[in-house]
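All remarks here apply to the structure that follows.
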Amino acid sequence: MVTLAKEDYLDMFLKMQRIRDIDMKLNKLVRRGFVQGMTHFSVGEEAASVGAIAGLTDQDIIFSNHRGHGQTVAKGINIPAMFAELAGKATGSSKGRGGSMHLANLEKGNYGTNGIVGGGYALAVGAALTQQYHNTGNIVVAFSGDSATNEGSFHESVNLAAVWNLPVIFFIINNRYGISTDISYSTKIPHLYTRSDAYGIPGYYVEDGNDVIAVYDKMQEVIDHVRSGNGPALIEVESYRWFGHSTADAGVYRSKEEVDSWKAKDPLKKYRTYLTENNLASNEELDAIEKEVAEEIEDAVKFAQDSPDPDLSVAFEDVWVD
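The sequence shown maps to residues 4 to 325 in our numbering.
Structure below.
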């Protein structure tokens, strides 16, 4: 197990709390018209995102999917700018053009979430080719859910990355559902990470993706492998989304008992227990972080609400890369 400085342990708690509180707040705001269209929450999956990204640098690049709030926050986006983006305001991180499913934060290495299932795979391979060509030493991580691994772009991207020995990690958060379809109806194999065998690359697995330390430790192995020039790797972590697929999904295909059993494995409670039992933080310190995050989010919401809408005159700006 990797030993971290206290501030690093606390930073992971801070980011997990941010992800949780942001999505819980948005769940209320969406229904009041704060965000236009559907929103996909990652409540319950906080440990997977934070554990995966904590060992990356700002120069390392990530691509995410429609359920990308968690990775976006973990990679360090400015929270007021994120809320303004979600609200479609001119002060948003992408000037109000991206919204919930197309969040980006280039200065921190977040090259975008993606509304197309499996749409980030090929982009990640292209970014990894750039890193290899320029010998930057940076790596790329492509996040997806379990169902996206059944897209043709998954095969094409992993295969090409393997052939070209590219510095890219394919990170699968297996929450067992593609909208309402249980994974047992769409995939024959018991574990998705074993698909790596078909491409001649290593596969890694974290059974408890709600344990941020377990995810972080395993991800460090993967990062070290890829950054050392050994080519791509695939990692699967098991977690669970507490809410439906999106704000348009009531989640009637899952029993209350199933959802409650996963809520009992709350990643935030699990990590709080780990920190206090190992004398890495006191409950008072963690309570203070919770309070700080709550205030930060209220300020971010106000910033977004007070921000102007984009002017029609800029509608055709940023269509092309300068």
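Using N, Cα and C, we set each Cβ at its ideal position, and we do this for glycine too. Small disclaimer: the values here were computed from a predicted structure and weren't measured.
Continuous beta strand (DSSP E) stretch holding SER147: start and end: 143 to 148
Beta-carbon spacing of GLY101, ALA90 below 9 Å: no
Endpoints, beta strand (DSSP E) assigned at VAL240: 236 to 241
From ARG35, SER96, GLY47 and THR133, residue whose alpha carbon lies closest to that of LYS272: GLY47
Proximity of VAL218 and ALA50 at Cβ, strictly below 9 Å: yes
Host beta strand (DSSP E) of TYR208 (start-end): In the DSSP assignment, TYR208 falls within the beta strand (DSSP E) that extends over 206 to 209.
Contacts around GLN135, its chain only, beta-carbon distance under 7 Å, and the 5 residues preceding and following it disregarded: LEU169 and PRO170
Simplified DSSP assignment, three categories, for ILE192: coil
Outcome for ASN286 when other beta-carbon atoms lying within 10 angstroms are tallied against a minimum of 16: exposed
Contact under 9 Å by Cβ, GLN402 with THR139: Residue 402 falls outside the range modelled here, since the chain spans only 4 to 325, and no answer is possible.
Option in MET41, MET15 and SER45 with minimal Cα separation from LYS266: SER45
Contacting residues, own chain, Cβ-Cβ under 7 Å from ILE204 (five flanking each side not counted): ALA165, GLY234, PRO235, ALA236 and LEU237
Contact check, PRO193 vs MET19, beta carbons under 9 Å: Judged by their CB atoms, PRO193 and MET19 are not nearer to each other than the 9 Å cut-off.
When TYR12, MET4 and VAL5 are compared against GLU288, the one with the closest alpha-carbon: TYR12
Span of the beta strand (DSSP E) around ILE175: Boundaries of the beta strand (DSSP E) around ILE175: 171 to 177.
Touch test, the segment 198 to 212 against the segment 248 to 264, Cβ-Cβ under 8 Å, three pairs minimum: no
Distance CB(ALA130)-CB(VAL143) smaller than 9 Å: yes
Cut-off 8 Å between Cβ atoms - residues of its own chain near GLU299, not counting five sequence neighbours on either side: ARG21 and ILE82
Alpha carbon of VAL304 to alpha carbon of SER310, nearest angstrom: Straight-line Cα distance between these residues: approximately 10 Å.
Where the alpha helix (DSSP H) through ILE119 begins and ends: Neither: ILE119 is in no alpha helix (DSSP H) and is coded neither H nor E.
Delimiting residues of the beta strand (DSSP E) encompassing PHE66: 64 to 66
Neighbour-count burial assignment, PHE319, 16 or more Cβ in a 10 Å radius: exposed
Closest by C-alpha distance to ILE172, when choosing among VAL209, ALA127 and ASN178: ALA127
Length of the line joining the Cα atoms of TYR180 and ASP149: 7 Å
Terminal residues of the alpha helix (DSSP H) in which GLY115 lies: Here GLY115 belongs to no alpha helix (DSSP H), and DSSP marks it neither H nor E.
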